[in-house]
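Just so we're aligned, residue 6 is where the sequence shown starts under my numbering, counting upward by one.
As structure tokens, the structure follows; a few thoughts come after it.
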Amino acid sequence: MWGSGGRWSGTLIVPMSESDNQGCSGLAVMKISIIGTGYVGAVTGACLAELGHDIIFVGRDTKKLDLIQSGKSPIYEPGLDQLLEKNLSKITTTIDLPDAICKTALTFICVGTPSNDDGSIDLDQVRAVSHSIGKSLASDDGYHTIIVKSTVLPGTSETLVIPILEKESAKKVFVDFGIASNPEFLKEGSAVADFFHTDRVVIGTNDLKSRSVLEELYTPLNVPIYATTIRTSEMIKYTSNAFLATKISFANEIGNLCKKMGIDSYDVFRGVGLDARISPHFFRSGIGFGGSCFPKDVRALIAHARTLGVEPQILTAVIETNEDQPEKMIELLKRHMYITGKTIGILGLAFKPDSDDVRESRAIPVIEALQKEGATIIAYDPVAIDNFKRLFPDISYTNDAQDVLNADAVLIVTEWKEFEDLDYHGKLVIDGRRLEKARKEAAVYEGVCW
Ligand code: UDX
6 MWGSGGRWSG
16 TLIVPMSESD
26 NQGCSGLAVM
36 KISIIGTGYV
46 GAVTGACLAE
56 LGHDIIFVGR
66 DTKKLDLIQS
76 GKSPIYEPGL
86 DQLLEKNLSK
96 ITTTIDLPDA
106 ICKTALTFIC
116 VGTPSNDDGS
126 IDLDQVRAVS
136 HSIGKSLASD
146 DGYHTIIVKS
156 TVLPGTSETL
166 VIPILEKESA
176 KKVFVDFGIA
186 SNPEFLKEGS
196 AVADFFHTDR
206 VVIGTNDLKS
216 RSVLEELYTP
226 LNVPIYATTI
236 RTSEMIKYTS
246 NAFLATKISF
256 ANEIGNLCKK
266 MGIDSYDVFR
276 GVGLDARISP
286 HFFRSGIGFG
296 GSCFPKDVRA
306 LIAHARTLGV
316 EPQILTAVIE
326 TNEDQPEKMI
336 ELLKRHMYIT
346 GKTIGILGLA
356 FKPDSDDVRE
366 SRAIPVIEAL
376 QKEGATIIAY
386 DPVAIDNFKR
396 LFPDISYTND
406 AQDVLNADAV
416 LIVTEWKEFE
426 DLDYHGKLVI
436 DGRRLEKARK
446 EAAVYEGVCW
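Structure (structure tokens):
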């Protein structure tokens with residue numbers, strides 16, 4: 006629906022019933038280029054191939070492209086290998102961006118938007134690919150739609166991407182080419198399932214043609230599609246991540262309080278989460294959030310708010326609480342031993358289970374604090390050791406979790422399922438993630454918020 010300012014107001018397109026859906030098999034195959042082969046690009050491309058579309062992955066790292074071309078995922082993500090292998094006939098890879106643009110009608114920008122030192126967003130990669138796409142559009146005869154999937158601050162597509170595309174191509178947006186925002190809500194470790202069973206797809210467009218292309222693309226998922234403006238769509242992504250991060254820091258603050266009062270915060274949140282207004286999801290207290298999104302996106306929103314003259318007090322507290330939380334493990338450990346000279350075992354290095362990603366992993370501040378106290382570290386993770394070694398080359402690693410259990414104390418940092426199979430009898434365990442078996446068996450057990 007068009008709003009009074011000549012813009013779309015949000016429209017929710019509800020999924021079709023099964024009988025309505027029967028015509029979907031007749032949907033046209035689209036030719037799509039995916040720029041960026043990280044978590045977002047790799048998963049999006051593989052899943053769109055599964056929906057029947059022809060995909061060209063565009064990247065700079067030929068090793069990653071070769072992996073994809075041989076049906077192997079360039080990242081650790083459950084289910085992704087199988088999906089790439091199954092759809093190989095629909096997938097090609099290239100380092101030649103102009104060639105990919107020329108052979109496709111849709112392009113997803115899936116490049117990284119990391120943080121600058123001051124927390125603000127670094128848009129260098131978005132800027133660089135916008136220049137390349139724009140130049141390629143100049144000689145592209147067809148109507149091309151560019152979709153920004155990278156997480157970018159509200160206004161970025163309109164004030165940065167579109168002007169670059171128009172200048173480089175000497176073409177007019179919405180006349181000669183289309184553009185849309187389509188944020189991702191994929192969780193690492195369950196990204197493939199999240200793509201197909203998302204609560205909603207958000208599409209931000211300022212013109213009818215781009216909107217109908219994206220509606221057609223996502224209709225087969227049979228999930229609600231929320232259609233809105235580009236700027237609003239960009240803000241939905243930040244607001245979602247900021248809210249979830251806030252919920253976790255809130256759970257941790259209440260959890261710290263519960264710990265002081267001898268109350269199990271998990272019991273509390275179970276009772277509170279039964280209220281449908283609150284929901285039980287993303288309500289696990291512990292040692293805080295890490296990963297490539299929550300810390301970076303909340304910091305970027307804080308930095309952006311300040312440029313607009315708004316002091317984001319809640320978001321600032323969310324980050325501060327998150328930064329303090331790993332320290333709780335050390336405080337609890339000190340209650341039970343003098344750390345200096347002891348060997349401390351670390352279970353889990355990835356920022357969450359089912360991922361090899363160590364970006365902003367809570368293991369980083371935990372190990373730094375232990376080193377400051379003069380401890381020797383021995384660490385285990387099922388898949389993230391190689392990535393962690395790049396950050397901490399000098400601590401000891403083991404491929405046998407049992408070695409960690411033989412240390413003077415064990416700290417549980419990531420809740421890998423296989424840690425439920427270990428024997429914690431007789432051990433001193435400080436648990437940052439609530440592992441039930443350790444809670445029941447350990448000789449001395451402390452949970453961070455329970
Ligand atoms: C997140 C968002 O969930 C996803 O929608 C967005 O697209 C990318 O960022 P991701 O970072 O992959 O996904 O993982 P997520 O499951 O959200 O966990 C993030 C961090 O929060 C992890 O460190 C996790 O341990 C922590 N967490 C999560 C909690 O501490 N408590 C919770 O209740 C949930």
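Glycine residues also receive a C-beta, built at the ideal position from the N, C-alpha and C atoms.
Given the structure is predicted, the values throughout are model-derived calculations rather than measurements.
Give the single residue among ALA247, GLU451 and ALA355 whose Cα lies nearest to the Cα of HIS341. GLU451
I want to check one thing, is the minimum distance from the CB of ILE241 to the heavy atoms of the ligand UDX below 7 angstroms? no
Identity of the residue in LEU88, LEU85, THR99 and ASN92 nearest ASP71 by Cα: THR99
Based on the DSSP output, what are the partners of LYS108 in its beta bridges? None; LYS108 has no bridge partner.
Considering Cα atoms alone, identify which of ASP426, ARG205, VAL453 and GLY437 is closest to GLU446. ASP426
Determine the contact status of LEU433 and VAL415, defining contact as a CB-CB distance below 8 angstroms. yes
Throw me the rounded Cβ distance for the ILE167 and GLY209 pair, which I believe falls under 8 angstroms. Incorrect: roughly 13 angstroms between the Cβ atoms, too far for contact.
What are the boundary residues of the alpha helix (DSSP H) that includes GLU332? 332 to 341
Paired residues, beta bridge with THR16 - DSSP: ALA232
Mind checking which residues open and close the alpha helix (DSSP H) that includes ASP436? Where ASP436 is concerned, there is no enclosing alpha helix (DSSP H), although the beta strand (DSSP E) it sits in stretches over 433 to 436.
Does the beta-carbon of PRO188 have 16 or more other beta-carbons within 10 angstroms, so that it is buried, or is it exposed? buried
Have a look at the DSSP bridge pairing and note the partners of LYS451. Reading off the sequence shown, one finds Glu at residue 451, where the question assumed Lys. Its beta-bridge partners are ILE435.
Round the Cβ separation of ILE335 and LEU375 to the nearest angstrom and send it over; I've been treating them as touching at under 8 angstroms. Contact check for ILE335 and LEU375: beta-carbon distance about 7 angstroms, within the 8 angstroms limit, so the pair qualifies.
How many angstroms separate the CA atom of GLY276 from the CA atom of PHE287? 14 angstroms
With respect to 7 angstroms, is the separation between the Cβ of ARG289 and the closest non-hydrogen atom of the ligand UDX below this value? Yes, the beta carbon of ARG289 sits closer than 7 angstroms to at least one heavy atom of the ligand UDX.
Could you tell me the boundaries of the beta strand (DSSP E) in which LYS36 lies? 36 to 40
Distance between SER125 and HIS309 (C-alpha atoms, nearest Å): 7 angstroms
In whole angstroms, give me the CA-to-CA distance for LEU85 and VAL48. Their backbone Cα atoms lie some 7 angstroms apart in a straight line.
Comparing the CB of GLU328 with every heavy atom of the ligand UDX, is any distance shorter than 7 angstroms? no
Within 10 Å of its beta-carbon, does LYS68 have 16 or more other beta-carbons around it, so buried, or fewer, so exposed? exposed
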